[in-house]
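For our numbering, add 952 to where a residue sits in the sequence shown, where the first one is 1. Just so it is clear, CB atoms sit at the ideal spot from N, CA and C, and this is done for glycine as well. Predicted model, so just to flag it, every value in this text is computed and none were measured.
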Amino acid sequence: MNAEAEEQFREFVTARWHALLRTAYLLTGDHGQAEDLVQTALVRAHRHWTRIRRSDAPEVYVRRILVNLNNSRWRRKRVAEQVTDVLPEPPSADPHAAYDVRDELWSAVLTLPPRMRSILVLRYFEDLPEAEVARVLDCSLGTVKSQTSRGLDRLRVALKREPETARRDR
953 MNAEAEEQFR
963 EFVTARWHAL
973 LRTAYLLTGD
983 HGQAEDLVQT
993 ALVRAHRHWT
1003 RIRRSDAPEV
1013 YVRRILVNLN
1023 NSRWRRKRVA
1033 EQVTDVLPEP
1043 PSADPHAAYD
1053 VRDELWSAVL
1063 TLPPRMRSIL
1073 VLRYFEDLPE
1083 AEVARVLDCS
1093 LGTVKSQTSR
1103 GLDRLRVALK
1113 REPETARRDR
């Protein structure tokens, strides 16, 4: 790789490191794994940087690498679900209740299949439009919409929340 391409890669990493790390953390749920995931993705991107930098969206390419690496990691490490008879206590009105809800949501998000989780992370946590999510994941817009709907339904069930339409119909 020539010096100009090397410098462009350094600039890209410097500018986008935190955003990529945030995405990786949201995909993995662990800071250490997120850092490893970003580093591995950047190593792979570096190998092809002369081709990637000419594309109109190198970040899309690197995010796709992140998602694919995370999906591969998830497939290798299947964790059995823990089923219990007792439901957790409902959140109380204490000042830490918001953190409890956030942790409950995050635990539910981590139970989703990798592709569905990737779509929800990119759509809602990274605030990407549906078309951009479809582009990053190399799937159709319809897939993004259907997986988003199914993922939100699963989260509602996991969190024992009713859909908005059911509440409005009352």
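In the structure shown, K1097 falls within a helical segment according to DSSP collapsed to helix, strand and coil. Residue environment: Y1051 is assigned as exposed (fewer than 16 neighbouring CB atoms within 10 Å of its CB, all protein chains considered).
Here L1107 has A1060 as same chain residues with Cβ atoms under 6 Å from its own Cβ, once five neighbours each way along the sequence are excluded.
With a threshold of 16 other beta carbon atoms within 10 Å, P1081 falls short and is exposed. Residue environment: L1111 is assigned as exposed (fewer than 16 neighbouring CB atoms within 10 Å of its CB, all protein chains considered). W969 sits exposed, since fewer than 16 C-beta atoms from the chains shown fall within 10 Å of its C-beta. Between the alpha carbons of A955 and W1001 lies a gap of roughly 12 Å. The C-beta distance from A997 to I1017 rounds to 6 Å, short enough to fall under 8 Å. Shortest Cα-Cα distance from N1022 to any of A1049, R999, A1009, A993 involves A993. Minimum Cα-Cα distance from L1057 among the listed residues Q960, A971, V1109, I1071 corresponds to V1109. With respect to the C-alpha of R1025, the residue from F964, F1077, P1065, R999 having the closest C-alpha is P1065. Measuring C-alpha to C-alpha distances from A1083 to each of Y1076, V1096, L1072, F1077 identifies V1096 as the nearest.
No Cβ-Cβ contact shorter than 8 Å links L972 with R1069.
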